[in-house]
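Protein chains in written order, with my numbering: chain A, 1 to 166; chain B, 167 to 332; chain C, 333 to 498; chain D, 499 to 664; chain E, 665 to 830; chain F, 831 to 996.
Below is one structure, written out as C-alpha cells, with a few remarks after it.
Number of protein chains: 6
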Amino acid sequence: MLLGRFQPFHYGHTKVVDWAYDRYESIIILIGSPRESYTYENPFTGGERYLMIQNTLRDMGYPNFAIVPVPDIHRYGVYASHVADITPPFDVVLTNKDLIKLIFEKEGYMVESPPLFNLDTLSGTEVRHRIATNGDWQSLVPDTVASVIDDVDGVQRLHKLYEIKD
Amino acid sequence: MLLGRFQPFHYGHTKVVDWAYDRYESIIILIGSPRESYTYENPFTGGERYLMIQNTLRDMGYPNFAIVPVPDIHRYGVYASHVADITPPFDVVLTNKDLIKLIFEKEGYMVESPPLFNLDTLSGTEVRHRIATNGDWQSLVPDTVASVIDDVDGVQRLHKLYEIKD
Amino acid sequence: MLLGRFQPFHYGHTKVVDWAYDRYESIIILIGSPRESYTYENPFTGGERYLMIQNTLRDMGYPNFAIVPVPDIHRYGVYASHVADITPPFDVVLTNKDLIKLIFEKEGYMVESPPLFNLDTLSGTEVRHRIATNGDWQSLVPDTVASVIDDVDGVQRLHKLYEIKD
Amino acid sequence: MLLGRFQPFHYGHTKVVDWAYDRYESIIILIGSPRESYTYENPFTGGERYLMIQNTLRDMGYPNFAIVPVPDIHRYGVYASHVADITPPFDVVLTNKDLIKLIFEKEGYMVESPPLFNLDTLSGTEVRHRIATNGDWQSLVPDTVASVIDDVDGVQRLHKLYEIKD
Amino acid sequence: MLLGRFQPFHYGHTKVVDWAYDRYESIIILIGSPRESYTYENPFTGGERYLMIQNTLRDMGYPNFAIVPVPDIHRYGVYASHVADITPPFDVVLTNKDLIKLIFEKEGYMVESPPLFNLDTLSGTEVRHRIATNGDWQSLVPDTVASVIDDVDGVQRLHKLYEIKD
Amino acid sequence: MLLGRFQPFHYGHTKVVDWAYDRYESIIILIGSPRESYTYENPFTGGERYLMIQNTLRDMGYPNFAIVPVPDIHRYGVYASHVADITPPFDVVLTNKDLIKLIFEKEGYMVESPPLFNLDTLSGTEVRHRIATNGDWQSLVPDTVASVIDDVDGVQRLHKLYEIKD
C-alpha cells in the first residue's frame with residue numbers, strides 16, 4: 001500500500017512503484033485528499049489523478065494494482081481504520097512520512113520506507129512550479145501524465161492558480 | 167460508467183459488464199455507499215467489494231477498467247458533479263435506475279439502459295438471502311467473489327446480520 | 333465498557349451496572365447518539381442523559397466510572413476505532429446487541445453478554461410509553477433520574493412528542 | 499464549567515481546579531478538539547486526555563466532576579448551544595480566553611476568569627516542548643498524568659511528532 | 665418567522681403569509697431541507713423553491729420579506745441556535761408543528777399558530793400527487809409557482825419520481 | 831450573481847451593485863462562509879450580514895434581488911454545482927476573484943469582472959481595522975449597515991476580536 005496526493009503523479013512515484021513491484025506481487029495506491037482541487041497545492045481533481053496513475057501503471061505493464069481515493073477525515077487516531085474499511089486488504093505500508101508510519105504502526109501494520117529518489121527535482125512541488133512558470137516539467141512526468149494534464153488544460157490552470165496564490 | 171452497491175458482486179453484474187464491453191472499450195465501475203457495511207442490506211465493506219470486482223474483472227480478462235468508491239453525499243442535485251469530481255472522465259452512464267438516469271441526464275450525460283438479466287434470482291437481495299439461510303448462493307456469484315466472501319467470514323456475518331434484522 | 337442510548341437511564345441499566353461491578357473494578361459507560369433529542373424515540377439530550385447516569389452511579393456508591401458521549405458516525409466498519417479514539421482504554425465490551433458484538437469482536441475485543449433483566453418492563457420503550465401516557469414510570473427509574481426528568485420538564489416533553497409521533 | 503484542550507493536563511490546570519472548588523461545589527471539564535491527536539500541537543487522543551483528567555481529579559479527592567469531550571463544530575455563533583446540548587447544565591463558565599468569554603456571554607452565561615498561574619512554564623506548549631526535547635516535564639504534570647503518558651509511549655510519540663513538525 | 669419545506673409553495677402558504685402580514689410588518693421565510701431534491705417527497709431543489717417564494721411574494725406586493733435556506737443539522741437541541749445564526753433576527757415563530765414549537769419555546773421564542781386552511785387539499789402532499797397523476801394542480805398554486813414548475817420540467821420530474829417511488 | 835463574504839457590506843459592494851443593475855435586471859447576492867463569525871476576519875454572523883445587505887438594497891431602491899447564504903463545502907471541483915443547487919438560476923457570474931472565475935467558467939458559466947473601486951480604502955479588511963481601532967469606519971459603509979453593526983454591539987465585538995488576534 002502506497003499513499004500520496006500525487007499532485008501530479010511523476011517519475012519519483014514511478015520509481016517507488018518499480019521498487020515496490022521488485023518486492024511485492026501487487027500494490028494498492030491510495031489517493032489522499034481526493035476532494036481537494038483547483039488550488040496551487042492541489043491543482044488536480046481526484047478523478048484526474050486517478051486517470052494519471054491508472055494510465056501510467058498500464059503503460060508500465062503492471063497488471064496487479066488497485067487505485068483507491070481515500071477522503072480526508074482529519075482524525076489521525078482513526079485514519080488507519082478508515083483506510084482499511086474502504087480499501088482491499090494489504091500487508092505492508094510503504095511510506096517515508098513519519099506520521100503515516102506512526103499511525104499505521106500503532107495499529108500493528110508493517111511499514112517499510114522506500115528509498116528516496118532525487119527529491120529536489122522529483123517532487124510535486126517542483127513539478128507544479130515548473131508547470132506554473134513554463135519550466136521543463138514534461139521531463140519529470142510520464143508521457144501519459146503529460147497527456148492528461150494537457151487534456152484538462154492543466155498548464156493554464158496552474159498558471160492561474162499560481163497568480164492567485166501570490 | 168456503471169454504478170451499483172454490489173452487495174455482493176454477482177453474475178447479474180458480470181452479464182452487464184460483458185454487455186458493456188461489447189459496446190465500449192473501457193468501463194468505470196462506481197461503488198456506491200462504500201462506507202456502509204455490517205448491515206443485512208449492506209453486509210460488505212467498500213474494500214471487500216472493491217476486491218470482489220477487481221478480482222472478477224481480471225479473471226474475465228478485461229484489462230481496461232477503473233473502480234472508484236463514491237461516498238454518499240445525500241444531495242441528488244449535486245450528485246452528478248460529485249461523481250465527475252472523483253472519477254476519471256466518462257461519456258455514457260449505464261443504469262436501469264430511473265433516479266440515476268434523471269440526475270445524470272439533467273447534467274447532459276448520455277444514459278443507456280442495459281438489458282435485465284434474470285432479476286428474480288440474479289439480485290443482491292436474493293444472494294444475501296441465500297447466504298443467510300444456507301441456500302445455494304455459490305452458483306450466483308463468480309468463484310473469486312465466493313473466495314472473498316469466505317476469506318472475510320462473510321457467511322457467518324450474514325447469518326448474524328439476518329438474526330439482528332428480525 | 334457498556335454502550336447504550338439510555339433514553340432514559342432505568343433500573344434495567346442499574347442492574348447491568350451492579351452485575352458489571354461484581355466482575356470488574358471500573359466501567360466506562362458510552363452514551364450513544366448523544367446529539368439525538370426531542371424525538372419520541374430519543375427524547376433527552378446527551379447532556380441530560382449524562383447527568384442521569386452520573387447522579388445515579390454516585391448514589392449507588394460506585395466511584396470508578398467514566399461517562400463518554402460517543403457521536404454517531406454511521407460507519408460500522410470504523411465504529412470500534414472511533415470509540416477507542418475518544419474513550420479511555422477498556423478490555424471488555426458488555427453488550428447483548430449482536431451487531432455491537434460483531435463489530436467489536438472483529439477488532440479483537442473481548443465481548444461479554446450481561447444477563448437480561450425483565451426486558452418487558454425494564455426497557456426504554458416501556459419507560460417512555462409510561463411517561464407519555466401517565467403510567468407509573470417512576471418505579472422503573474432511580475429517584476435521581478426521576479428528578480432530572482422533572483427538572484427538564486421531561487413529562488410534558490414526552491407528552492408532546494407522543495402526540496407528534498401519532 | 500472549564501474548557502480546554504489539555505494537551506496534556508498539567509499543574510496549571512490542577513491549580514485552576516483547586517481555585518474552582520474553593521468557589522463551586524461541582525465542576526464540568528470540557529475536552530475541546532477531542533478528535534485531534536497525533537500532531538505536535540495535539541499529540542494525545544481524546545480518550546487519553548479523558549483518562550489523565552479523571553485519574554488526576556480522583557487523586558486530588560474531588561468527587562463531583564463531570565468530564566465531557568466536546569467535538570469541534572467550527573461555528574462560534576452556535577458553539578454555546580452545542581456545548582449546552584451535550585453537557586450537564588452549568589451556571590458559570592471559567593475561562594481566560596476572550597473568545598470563549600464573548601460567545602458564552604452573548605448567550606447569557608456568567609463568565610469568570612481564574613487567576614493565571616505561571617504561564618511561562620505551566621503551559622501545554624512548554625510541557626510538550628520539554629517532552630519532545632528530553633527536558634524535565636515530569637515536574638509540570640501530576641504523577642498520574644505522567645503514568646498515562648508513559649503507558650501510551652507518549653514520549654516517543656512526541657519525539658517523532660517534533661521531528662515531523664520541523 | 666415561518667418555516668417550511670415548500671415542496672412546492674402553494675395557496676395554503678400564501679394564506680399564512682397574508683395572515684402574517686395582517687399582524688407583522690415583515691416576515692422571514694425559512695426553507696427547510698434546502699439540499700433535498702429529486703425525491704418524490706422533496707422534488708424541487710432549494711434554489712427552485714427560493715424562486716417560487718420570491719416571485720410569489722413580489723406578485724402579492726409584499727416588500728418586506730427575507731428568504732433564507734436553512735440546511736438540516738439533525739440536532740433538535742441545537743436547531744434554534746442554528747437558525748438564529750444564519751437568519752436576520754426575528755421575534756415570533758409562526759408554526760403549527762408541535763416539534764418546532766417545542767424547540768423554539770425552550771429557547772425563549774414566542775410561538776404563534778396560524779389558522780389551518782383547507783389542509784386536505786392545500787397541502788404539499790396533495791399538490792405533488794396531483795402533479796404526478798395529471799390532476800388539477802394548477803388551481804392549488806400561484807401562477808408564478810406554476811411557471812417555475814413548468815420551466816424546470818417539474819411535471820415530468822414528478823411523473824418519474826412517482827414511478828420510482830412505487 | 832455576485833459572491834462575497836461581506837464582512838461587512840460596504841460602499842465598495844454598493845458600487846458593484848449599482849454597476850450590475852446598469853447591466854442586468856435582477857441580481858443574486860451569495861453570502862459566502864455564512865457560518866463563520868466571531869473571528870477578526872469574519873466578525874459578523876450570516877444572519878447579520880443578510881440583514882445588512884437586505885436593508886441596504888431596499889434603501890437603494892432595488893426591488894429585484896435575492897440573497898442566498900451559501901455554506902462552504904471546501905470542494906472547488908463541486909462548488910459551482912453546489913451553488914446552482916441552492917440558488918435561483920443565474921446567467922452571469924460577477925467576480926474579480928480568479929479562482930471563482932476559473933471554477934464557474936469550467937462549468938460553462940459566463941463570468942464578468944466588475945471594475946475595482948478604491949480597493950485600498952473600500953475593503954472589508956480596512957473597514958474591520960477601522961472599527962477595531964476607533965477609526966472613521968462609518969464613512970465606508972451605508973447608514974443601514976452602521977445601524978446593524980451598532981445594534982449587535984459590533985464595535986465592541988471587533989475590539990475584542992482584535993485583541994484576541996494579537
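Note that the Cβ used here is the ideal one computed from N, Cα and C, for glycine as well.
- Query: Bridge partners of A/Val68, per DSSP?
  - Reply: Answer is A/Leu30.
- Query: Should D/Leu528 be flagged as near chain F, meaning a C-beta pair shorter than 9 Å?
  - Reply: Not an interface residue.
- Message: Is it the case that the region 710-720 of chain E contacts the region 784-800 of chain E, given that we only count it when at least three CB pairs across the two stretches are under 8 Å?
- Response: Taking 8 Å as the limit for Cβ pairs, the verdict is that the region 710-720 of chain E does not touch the region 784-800 of chain E.
- Are F/Thr917 and F/Leu860 closer than 9 Å when you measure CB to CB? The beta carbons of F/Thr917 and F/Leu860 sit closer together than 9 Å.
- Item | Alpha carbon of F/Pro873 to alpha carbon of B/Lys181, nearest angstrom | Distance between the alpha carbons of F/Pro873 and B/Lys181: 58 Å.
- Pairwise C-alpha distance: C/Pro340 and C/Gly456: Computed Cα separation, rounded: 6 Å.
- Message: If we define contact as Cβ-Cβ less than 9 Å, is D/Leu597 a contact residue for chain F?
- Response: By this cut-off, D/Leu597 is an interface position.
- Query: Looking at the C-beta of D/Thr631, does it have a partner C-beta in chain A at a distance below 9 Å?
  - Reply: Output row for D/Thr631: interface = no.
- Cut-off 7 Å between Cβ atoms - residues of its own chain near C/Val415, not counting five sequence neighbours on either side: The residues are Leu362, Val402.
- Query: When the cut-off is 9 Å and only beta carbons count, does D/Val643 lie next to chain F?
  - Reply: So no, D/Val643 is outside the interface.
- Item | Beta carbon proximity, A/Gly108 to chain D, threshold 9 Å | For A/Gly108, the answer is no, since every Cβ of chain D falls outside 9 Å of its Cβ.
- Item | Range covered by the beta strand (DSSP E) that runs through B/Leu169 | 168-170 is the extent of the beta strand (DSSP E) around B/Leu169.
- Query: Quick one: which chain D residues come within Cβ less than 7 Å of C/Gln339?
  - Reply: Contact note: C/Gln339 does not reach chain D at a C-beta cutoff of 7 Å; the least C-beta distance is about 15 Å.
- Which partner residues of C/Met442 appear in the DSSP bridge assignment? Under DSSP, C/Met442 shares a beta bridge with C/Val424.
- Task: Pull up the distance between the alpha-carbon of E/Gln802 and that of E/Leu822, whole angstroms please.
- Result: The alpha-carbon atoms of E/Gln802 and E/Leu822 are separated by roughly 14 Å.
- Query: How would you list, in chain order, the residues of chain B whose beta-carbon sits under 8 Å from the beta-carbon of F/Val941?
  - Reply: Within 8 Å Cβ-Cβ: nothing; F/Val941 doesn't reach chain B, min ~18 Å.
- Item | Inter-residue spacing [alpha-carbon to alpha-carbon] between A/Thr95 and D/Ile565 | A/Thr95 and D/Ile565: Cα-Cα distance of roughly 37 Å.
- Going along chain B, which residues have a C-beta under 8 Å from A/Gln54? Residues of chain B whose Cβ lies closer than 8 Å to the Cβ of A/Gln54 are, in chain order, Ala232, Pro254.
- Task: Using a Cβ-Cβ cut-off of 9 Å, state whether A/Tyr21 counts as contacting chain B.
- Result: For A/Tyr21, the answer is no, since every Cβ of chain B falls outside 9 Å of its Cβ.
- Within 10 angstroms of the Cβ of D/Asp583, are there 16 or more other Cβ atoms? Answer buried if so, exposed if not. Around the beta carbon of D/Asp583, 16 or more other beta carbons lie within 10 angstroms, which makes this residue buried.
- Anyone know if the C-beta pair for C/Val459 and C/Val473 falls short of 9 Å? Going by C-beta atoms, C/Val459 is nearer than 9 Å to C/Val473.
- Task: Put E/Val812 into one of helix, strand or coil per three-state DSSP.
- Result: Three-state result, E/Val812: helix.
- Message: Closer than 8 Å between beta carbons: that is the criterion. Which residues of the region 809-830 of chain E meet it against chain B?
- Response: Those would be Arg821, Lys824, Leu825, Glu827, Ile828, in chain order.
- Task: With A/Asp85 as the anchor, note down where its alpha helix (DSSP H) starts and where it stops.
- Result: Segment 76-86, the alpha helix (DSSP H) holding A/Asp85.
- For F/Arg905, which residues in chain A fall below 7 Å Cβ to Cβ? At a C-beta separation below 7 Å, F/Arg905 has these neighbours in chain A: Arg35.
- Message: At the level of alpha carbons, what is the spacing between C/Asp391 and C/Ser479?
- Response: One C-alpha to the other measures close to 13 Å.
- Item | CA nearest to the CA of C/Arg367, picked from E/Asp814, E/Tyr704, E/His677, E/Val742 | Of all alpha-carbon atoms in E/Asp814, E/Tyr704, E/His677, E/Val742, the one lying nearest the alpha-carbon of C/Arg367 is that of E/Val742.
- Task: Quick one: grab the DSSP three-state call for F/His959.
- Result: In the displayed model, F/His959 falls within a helix according to three-state DSSP.
- Which residues in chain C sit within 7 Å of B/Thr211, going by Cβ to Cβ distance? Result: Gly409.
- Query: Taking the continuous alpha helix (DSSP H) assigned at D/Phe602, which residues delimit it?
  - Reply: For D/Phe602, the enclosing alpha helix (DSSP H) starts and ends at 596-603.
- Message: Measuring alpha carbon to alpha carbon, tell me which residue in D/Ser531, D/Gly530, D/Leu500 is nearest D/Asp516.
- Response: For D/Asp516, the nearest C-alpha among the options comes from D/Leu500.
- Item | Between the CA atoms of F/Lys990 and D/Ala518 - distance to the nearest angstrom | The straight-line gap from Cα to Cα measures roughly 25 Å.
- Query: Are the C-beta atoms of D/Ser579 and some chain E residue less than 9 Å apart?
  - Reply: With respect to chain E, the C-beta atom of D/Ser579 has a partner C-beta closer than 9 Å.
- Message: Against chain B, with Cβ distances strictly below 9 Å, would E/Thr678 count as a contact?
- Response: Taking 9 Å as the CB threshold, E/Thr678 stays off the interface with chain B.
- In whole angstroms, what separates the C-alpha of C/Asp404 from that of C/Lys433? In this model, C/Asp404 and C/Lys433 are separated by some 17 Å (Cα to Cα).
- Interface flag, B/Tyr190 vs chain A, CB-CB below 9 Å: Using a Cβ-Cβ cut-off of 9 Å, B/Tyr190 does not count as an interface residue toward chain A, since no Cβ of chain A sits closer than that to its own.
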